[in-house]
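Chains as they are written, first to last, in this note's numbering: chain A, 2 to 372; chain B, 6 to 493.
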Amino acid sequence: MATLATPMLTADRPARLWFAAVTVATLALLAACATFVWWVDPFQQYRLASRYPPRFYSLHHRYINPGLAKHQAYDTVISGSSIMESTRNSVVARLCGGAAVNLSMPAMSASEQRLMLDTALASRSLRRVIMVLDFNEFAGAPDERQDVAGPLPTYLYDRNPFNDLPYLLSWNVLLRSWRIVTDNRSERYASDPDAPWYWGDLKRFGRDEVLRGLDLKNLNARFQQPERTLAAMRASFERNLLPLLRAHPQTQFDLVWPPYSILVWVDFAQRDQLDLSLAFKRYVYEATRGLPNVAITDLQSERSITHDLDRYTDLYHFDPAINERLVKAVCLSAKRFEASDVDEAERRLREQVAAAQTPAGLAQIVGARAQ
Amino acid sequence: MFNLARQGPGRSVLFNSYDYLLYFLPLSLVGFFALGRRPTWAVAWLVAASLFFYAWWDPRYLPLILGSIAFNFLVGRALRRETPRGRLILGGGIAGNLLLLGVFKYADFALSNAANLLGKPLPLPHLVLPLGISFFTFTQIAYLVDVYRRKAREPSVANYALFVSFFPHLLAGPILHHSEMMPQFASPTNKRAQATNLAAGLFLLCIGLVKKVCFADQLAPLADAGFANPAGLSTLGAWLAVLAYTLQIYFDFSGYTDMALGAARMFNIELPLNFNSPYHATNIREFWQRWHMTLSRFLREYLYIPLGGNRHGEWRTMLAVMITFLLGGLWHGASWTFVVWGAMHGMALLCYRAWERTGVTLPRPLAWGLTFLFVMIAWVFFRAQSLAGAATMLRALSGGNTVEPSGAAATHWLAQLAAALTSDAQTSATWVGAVILASVVVAALRRNSNVMVREFRPSWPTGIAVTVGLVFSVLQLGKVAPFIYFNF
Chain A
2 MATLATPMLT ADRPARLWFA AVTVATLALL AACATFVWWV DPFQQYRLAS RYPPRFYSLH
62 HRYINPGLAK HQAYDTVISG SSIMESTRNS VVARLCGGAA VNLSMPAMSA SEQRLMLDTA
122 LASRSLRRVI MVLDFNEFAG APDERQDVAG PLPTYLYDRN PFNDLPYLLS WNVLLRSWRI
182 VTDNRSERYA SDPDAPWYWG DLKRFGRDEV LRGLDLKNLN ARFQQPERTL AAMRASFERN
242 LLPLLRAHPQ TQFDLVWPPY SILVWVDFAQ RDQLDLSLAF KRYVYEATRG LPNVAITDLQ
302 SERSITHDLD RYTDLYHFDP AINERLVKAV CLSAKRFEAS DVDEAERRLR EQVAAAQTPA
362 GLAQIVGARA Q
Chain B
6 MFNLARQGPG RSVLFNSYDY LLYFLPLSLV GFFALGRRPT WAVAWLVAAS LFFYAWWDPR
66 YLPLILGSIA FNFLVGRALR RETPRGRLIL GGGIAGNLLL LGVFKYADFA LSNAANLLGK
126 PLPLPHLVLP LGISFFTFTQ IAYLVDVYRR KAREPSVANY ALFVSFFPHL LAGPILHHSE
186 MMPQFASPTN KRAQATNLAA GLFLLCIGLV KKVCFADQLA PLADAGFANP AGLSTLGAWL
246 AVLAYTLQIY FDFSGYTDMA LGAARMFNIE LPLNFNSPYH ATNIREFWQR WHMTLSRFLR
306 EYLYIPLGGN RHGEWRTMLA VMITFLLGGL WHGASWTFVV WGAMHGMALL CYRAWERTGV
366 TLPRPLAWGL TFLFVMIAWV FFRAQSLAGA ATMLRALSGG NTVEPSGAAA THWLAQLAAA
426 LTSDAQTSAT WVGAVILASV VVAALRRNSN VMVREFRPSW PTGIAVTVGL VFSVLQLGKV
486 APFIYFNF
């Protein structure tokens with residue numbers, strides 16, 4: 002047998018001292034690193050940033066939002082994908098009352114939305130949750146997760162301090178802690194706690210912006226959105242969101258269908274996803290109609306928004322004024338969404354999509370590009 | 006293929022994880038040595054720890070390994086009795102093990118090939134491959150054969166369970182011989198902490214962790230990016246991607262092995278060597294004497310020699326070599342790419358045998374270069390997702406891709422890759438080059454970890470180096486990447 006040759010140590014004592022010294026030194030250095038990160042806490046996992054302006058790093062929603070959920074004062078949550086990032090907490094508070102926190106995440110999946118809301122609901126007694134639903138979040142398996150800035154740090158979503166080592170002992174986090182202490186601002190981040198993930202001032206809006214690089218006959222060529230099936234979407238909703246709605250009857254859940262541009266629906270029609278998407282909306286209504294704590298708001302056939310491409314930066318993402326309008330529709334509307342509203346919204350949307358697919362209709366929306 | 010997430014829903018206590026390094030390993034050591042005065046309890050503790058280690062991945066598979074251990078222990082006990090039906094029992098035992106492996110590892114492969122032959126679809130079970138199944142199955146087949154040959158016997162079920170499940174080797178080897186392990190497990194002195202072994206084990210574990218974190222994980226994005234889109238690679242880009250993978254798999258697997266040997270050493274157990282600077286080899290036979298040595302030993306003793314070895318003339322020898330390498334290739338994964346990889350190595354070994362007879366000796370640098378080049382090209386099949394993907398990569402290597410001129414394309418590829426890794430493409434292109442260069446120097450020119458641990462003396466410089474290595478590596482664990490060989 003080929004084996005490791007035993008080191009020819011003449012005495013046990015040097016080895017014992019060496020082992021003890023290395024173990025103690027390693028653990029001491031690691032403890033020092035962890036303590037430093039804990040003290041600075043760049044992702045606000047143990048307390049909100051108060052000794053320095055908070056740093057909300059680009060694409061780090063999944064790392065920082067759990068900390069906000071645990072430590073910020075709020076009774077209302079905004080939860081959605083990137084289209085909701087530009088919603089200011091103060092706007093929600095003004096329109097809906099109370100105090101709000103925006104826990105949106107880009108490219109969010111339903112299981113991530115569930116995880117985020119579980120954390121918030123475990124931390125605060127919530128009066129209201131505004132859940133903006135995105136068809137794509139239900140694509141894939143029910144436990145689908147998006148590795149936007151690395152694997153989802155599930156250890157940050159619980160209250161177990163013993164699994165926080167990947168945060169406390171991470172070179173990247175240590176580096177960021179050092180940059181905060183030394184006031185090094187070389188990395189891109191936002192600092193406004195009222196709108197941590199606001200991108201409304203970073204993007205250009207307008208029809209030209211929306212149409213740039215688009216093939217109108219194959220709208221998905223640029224965005225490469227995933228194909229969905231009704232069965233998978235239903236399974237994801239039933240696994241992730243429905244139990245949440247049922248488990249918290251004291252919290253008002255507002256499910257919102259956001260106003261994508263009409264071109265999104267044209268894209269759905271081009272990919273044979275239109276009927277499926279409408280069927281899913283109908284399913285969500287049916288699945289939640291018996292829950293008194295759930296209300297639905299549907300802005301997807303609001304022609305004044307969806308046909309005005311100047312309000313968008315791409316097919317999906319609208320300007321922050323629409324975010325405000327969305328919140329207003331949720332909080333200030335007294336009307337409850339009924340079965341007849343589902344029919345009416347679907348009928349209007351089908352008409353709009355049919356019209357948008359004609360040369361004249363498309364020309365009206367996109368202008369000269371339709372030719 | 007190398008994404009652990011595709012294996013199942015659970016998580017594993019990877020050697021390169023905080024849970025393993027800061028909780029599991031220290032607690033296991035403390036418990037084992039605390040119970041050292043009661044050897045039975047110490048063994049029970051280590052078995053329990055090992056099974057916990059395995060179940061952490063997915064507890065649903067715990068019955069599978071327990072069933073496998075129980076089955077082989079009972080077969081071994083039946084074999085121990087002098088019975089004329091020994092050969093039959095051995096055949097049944099081996100068949101049982103191969104059936105388990107076949108169901109979990111090769112069912113989809115066999116059925117999809119059958120479907121292709123029949124021209125109609127067949128339902129595929131899509132079973133999750135249990136971690137380490139290839140390793141613990143082979144270990145136990147070897148045990149049964151050794152019992153049949155009267156080279157091994159194990160009356161204690163606890164000792165046998167420890168032999169199979171001992172966590173340092175459970176997931177990715179080395180593949181053990183019962184006879185080399187049981188005396189160590191049985192020794193009462195091995196149940197008391199020995200500072201020399203603790204120190205040498207920690208030293209080796211640190212080397213393995215640094216290999217994994219500072220080399221393999223740095224090379225992985227380069228190889229992954231290249232193999233993800235071989236059609237888009239220039240000639241130079243393709244060579245860099247294949248070189249990156251060639252180095253990555255060495256640092257990954259040998260790093261894992263070093264960590265396994267180091268952890269075992271801390272328990273006063275010496276596991277057999279698995280690597281001995283394979284990229285120093287100057288011929289393909291020498292390569293296999295240095296690469297995954299315990300698999301080579303298993304295949305030689307339990308397949309090649311029973312097939313006749315070199316005792317029955319040249320044609321039988323050639324046949325035995327080819328069968329051994331084809332099955333060795335298939336052992337790595339249920340895919341034709343692994344079969345081709347095995348076939349290439351088998352053919353290379355036969356060519357080398359023929360060359361040896363000519364009596365011509367190549368200059369050492371040329372022999373080393375040819376061997377390394379062949380091993381590198383064979384890795385293309387090992388890493389590619391399909392034969393078509395491998396063919397595309399080979400075309401890229403041979404300059405058959407019609408992309409930009411080599412130099413510009415490579416720069417473009419590196420810059421793109423670099424941009425994906427950090428925000429500073431210029432710095433990262435330099436970083437990519439530096440990582441590859443450093444990896445080549447360490448893999449091909451430096452002393453290996455076996456030599457280093459043999460020459461290890463407790464001293465301030467080694468203490469400082471190990472402390473820095475451990476601290477730096479632990480701080481890099483945030484971006485955990487699974488070990489490649491967990492998938493085999």
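All C-beta atoms, glycine included, are put in the ideal place defined by N, C-alpha and C.
(request) Check the DSSP bridge columns for Val257/A and list the partner residues they point to. (result) For the purposes of this step, residue 257/A is taken as residue 256 along the first sequence, with counting starting at 1. Val257/A pairs with Val133/A and Thr298/A.
(request) Output yes or no for whether 8 Å exceeds the beta carbon distance between Phe44/A and Ile65/A. (result) As a first step, residue 44/A must be located in the first sequence, where it is residue number 43. As a first step, residue 65/A must be located in the first sequence, where it is residue number 64. A contact, by the Cβ cut-off of 8 Å.
(request) Run down chain B in chain order and give the residues with a C-beta less than 8 Å from the C-beta of Ala32/A. (result) Taking the first residue of the first sequence as position 1, residue 32/A is located at position 31. By Cβ distance, chain B contributes nothing, its closest Cβ being about 11 Å from Ala32/A, past 8 Å.
(message) Please report whether the beta-carbon of Pro126/B lies at a distance below 8 Å from any beta-carbon of chain A.
(response) Counted from its first residue, the second sequence places residue 126/B at position 121. No, its Cβ sits nowhere closer than 8 Å to a Cβ of chain A.
(request) Return the first residue and the last residue of the alpha helix (DSSP H) that Ile310/B is part of. (result) Counted from its first residue, the second sequence places residue 310/B at position 305. First-last for Ile310/B: undefined, no H or E at that position.
(message) I need the DSSP call for Ser33/B, collapsed to helix, strand or coil.
(response) Locating residue 33/B in the second sequence gives position 28, counting from the first residue. Three-state DSSP puts Ser33/B in a helix.
(request) Could you tell me whether any Cβ in chain A is nearer than 8 Å to the Cβ of Thr366/B? (result) If you number the second sequence from 1, residue 366/B lands on position 361. So, not an interface residue.
(request) Have a look at Met186/B and Ala147/B and give me their C-alpha separation to the nearest angstrom. (result) As a first step, residue 186/B is located in the second sequence; it is residue number 181 there, counting from the start. As a first step, residue 147/B is located in the second sequence; it is residue number 142 there, counting from the start. Rounded to whole angstroms, Met186/B to Ala147/B spans 13 Å at the Cα level.
(request) Kindly identify the DSSP beta-bridge partner or partners of Asn103/A. (result) One-based indexing of the first sequence puts residue 103/A at position 102. According to DSSP, which records beta bridges pairwise, Asn103/A is partnered with Ile79/A.
(request) Determine the direct distance from the alpha carbon of Gly107/B to that of Asn281/B, and round the result to whole angstroms. (result) Position 276 of the second sequence, counting from 1, holds the residue named residue 281/B. Position 102 of the second sequence, counting from 1, holds the residue named residue 107/B. Near 31 Å, if we compare the C-alpha coordinates of Gly107/B and Asn281/B.
(message) Please report the straight-line C-alpha distance between Ala16/A and Thr397/B, rounded to a whole angstrom.
(response) Start at 1 with the first residue of the first sequence, and residue 16/A comes out as number 15. Start at 1 with the first residue of the second sequence, and residue 397/B comes out as number 392. Rounded to the nearest angstrom, the two C-alpha atoms are 53 Å apart.
(message) For Tyr75/A and Ser91/A, what's the separation of their Cα atoms in angstroms?
(response) The residue labelled residue 75/A in the question sits at position 74 within the first sequence. The residue labelled residue 91/A in the question sits at position 90 within the first sequence. Whole-angstrom Cα-Cα distance: 11 Å.
(request) Have a look at Ser110/A, Pro55/A, Ser87/A and Val331/A and flag the residue whose alpha-carbon is nearest the alpha-carbon of Leu300/A. (result) On the first sequence, position 299 is the one that residue 300/A refers to. When each option's Cα is compared against that of Leu300/A, the closest is Val331/A.
(message) I need the DSSP call for Tyr58/A, collapsed to helix, strand or coil.
(response) Here the question's residue 58/A lines up with position 57 in the first sequence. Correct three-state label for Tyr58/A: strand.
(message) With a threshold of 8 Å, are at least 3 pairs of Cβ atoms found where one atom belongs to the segment 246–265 of chain A and the other to the segment 129–136 of chain A?
(response) yes
(message) Taking CB distances under 8 Å as the criterion, tell me whether Val102/A reaches chain B.
(response) Position 101 of the first sequence holds residue 102/A. Not one chain B Cβ lies under 8 Å of Val102/A.
(request) Please report how far the alpha carbon of Asn103/A lies from the alpha carbon of Leu27/B, in whole angstroms. (result) Taking the first residue of the first sequence as 1, we reach residue 103/A at position 102. Taking the first residue of the second sequence as 1, we reach residue 27/B at position 22. Spanning the two alpha carbons is a distance of roughly 35 Å.
(message) Counting beta carbon pairs with one atom in the segment 241–252 of chain B and one in the segment 305–321 of chain B, are three or more of them shorter than 8 Å?
(response) no
(request) Could you tell me whether any Cβ in chain B is nearer than 8 Å to the Cβ of Trp172/A? (result) Locating residue 172/A in the first sequence gives position 171, counting from the first residue. So yes, Trp172/A belongs to the interface.
(message) Please list, in chain order, the chain A residues whose beta carbon lies closer than 9 Å to that of Leu238/B.
(response) The residue labelled residue 238/B in the question sits at position 233 within the second sequence. The contacting residues do not exist; Leu238/B stays about 22 Å from chain A at best.
(request) Would you decide whether Gly213/B is buried or exposed? Buried here means 16 or more other CB atoms lie within 10 Å of its CB. (result) If you number the second sequence from 1, residue 213/B lands on position 208. With 16 or more other Cβ atoms within 10 Å, it is buried.
(message) Looking at chain B, is there any beta carbon in it that lies within less than 8 Å of the beta carbon of Phe37/A?
(response) Here the question's residue 37/A lines up with position 36 in the first sequence. No, no contact with chain B.
(message) I need the straight-line Cα distance from Gly438/B to Ala269/B, nearest angstrom please.
(response) Here the question's residue 438/B lines up with position 433 in the second sequence. Here the question's residue 269/B lines up with position 264 in the second sequence. Each residue's Cα considered, the two are about 35 Å apart.
(request) Scan the segment 91–170 of chain B and note each continuous alpha helix (DSSP H) run of 4 residues or more that stays entirely inside, going in chain order. (result) 91–106, 112–123, 138–153 and 162–170
(request) In the DSSP assignment, find the unbroken alpha helix (DSSP H) run with His317/B in it and report its ends. (result) To locate residue 317/B, count along the second sequence from 1; it is residue 312. No alpha helix (DSSP H) contains His317/B, which DSSP labels as neither H nor E.
(request) Within 10 angstroms of the Cβ of Glu345/A, are there 16 or more other Cβ atoms? Answer buried if so, exposed if not. (result) Numbered from 1 along the first sequence, position 344 holds the residue referred to as residue 345/A. Exposed, by the Cβ-count rule.
(request) Identify the contact partners of Trp19/A in chain B, using a Cβ-Cβ distance below 7 Å as the criterion. (result) As a working mapping, residue 19/A is identified with position 18 in the first sequence. Within chain B, the residues near Trp19/A are Ala204, Pro463 and Gly468.
(request) Give me the Cβ distance between Leu331/B and Ala348/B, rounded to the nearest whole Å; I'm assuming they're in contact under 8 Å. (result) Within the second sequence, residue 331/B is the residue found at index 326, counting from 1. Within the second sequence, residue 348/B is the residue found at index 343, counting from 1. Confirmed, Cβ separation roughly 6 Å.
(request) Compare the C-alpha of Ser262/A against each of Glu339/A, Leu363/A and Ser87/A and name the closest. (result) Stepping through the first sequence from its first residue, residue 262/A is reached at position 261. The candidate whose alpha carbon is nearest that of Ser262/A is Leu363/A.
(request) Return no unless some Cβ of chain B is closer than 8 Å to the Cβ of Asp13/A. (result) Stepping through the first sequence from its first residue, residue 13/A is reached at position 12. Yes, Asp13/A counts as interfacial toward chain B.
(message) Would Trp198/A and Ser105/A be called neighbours here (beta carbons separated by less than 8 Å)?
(response) Here residue 198/A corresponds to residue number 197 of the first sequence, with the count starting at 1. Here residue 105/A corresponds to residue number 104 of the first sequence, with the count starting at 1. Yes, they are a contact pair.
(request) May I have the straight-line CA-CA distance separating Ala3/A from Leu129/B, to the nearest angstrom? (result) For this step, residue 3/A is matched to residue 2 along the first sequence. For this step, residue 129/B is matched to residue 124 along the second sequence. With a pLDDT of only 45 at Ala3/A, under 50, the local geometry of the prediction cannot be trusted, and no value is derived from it.
(message) So, does the segment 259–277 of chain B touch the segment 227–239 of chain B, judging by three or more C-beta pairs under 8 Å?
(response) no
(request) With distances taken Cα to Cα, identify the nearest neighbour of Leu167/B among Pro188/B, Arg155/B and Arg154/B. (result) Taking the first residue of the second sequence as position 1, residue 167/B is located at position 162. Of the candidates Pro188/B, Arg155/B and Arg154/B, the one whose C-alpha sits nearest the C-alpha of Leu167/B is Pro188/B.
(request) Determine the burial state of Gln1/A: buried for a count of at least 16 other Cβ atoms within 10 Å of its Cβ, exposed for fewer. (result) It is not possible to answer for residue 1/A, since the shown part of chain A is limited to 2 through 372.
(message) Using a Cβ-Cβ distance cut-off of 8 Å, determine whether Ala439/B contacts chain A.
(response) Here residue 439/B corresponds to residue number 434 of the second sequence, with the count starting at 1. Ala439/B does not count as touching chain A.
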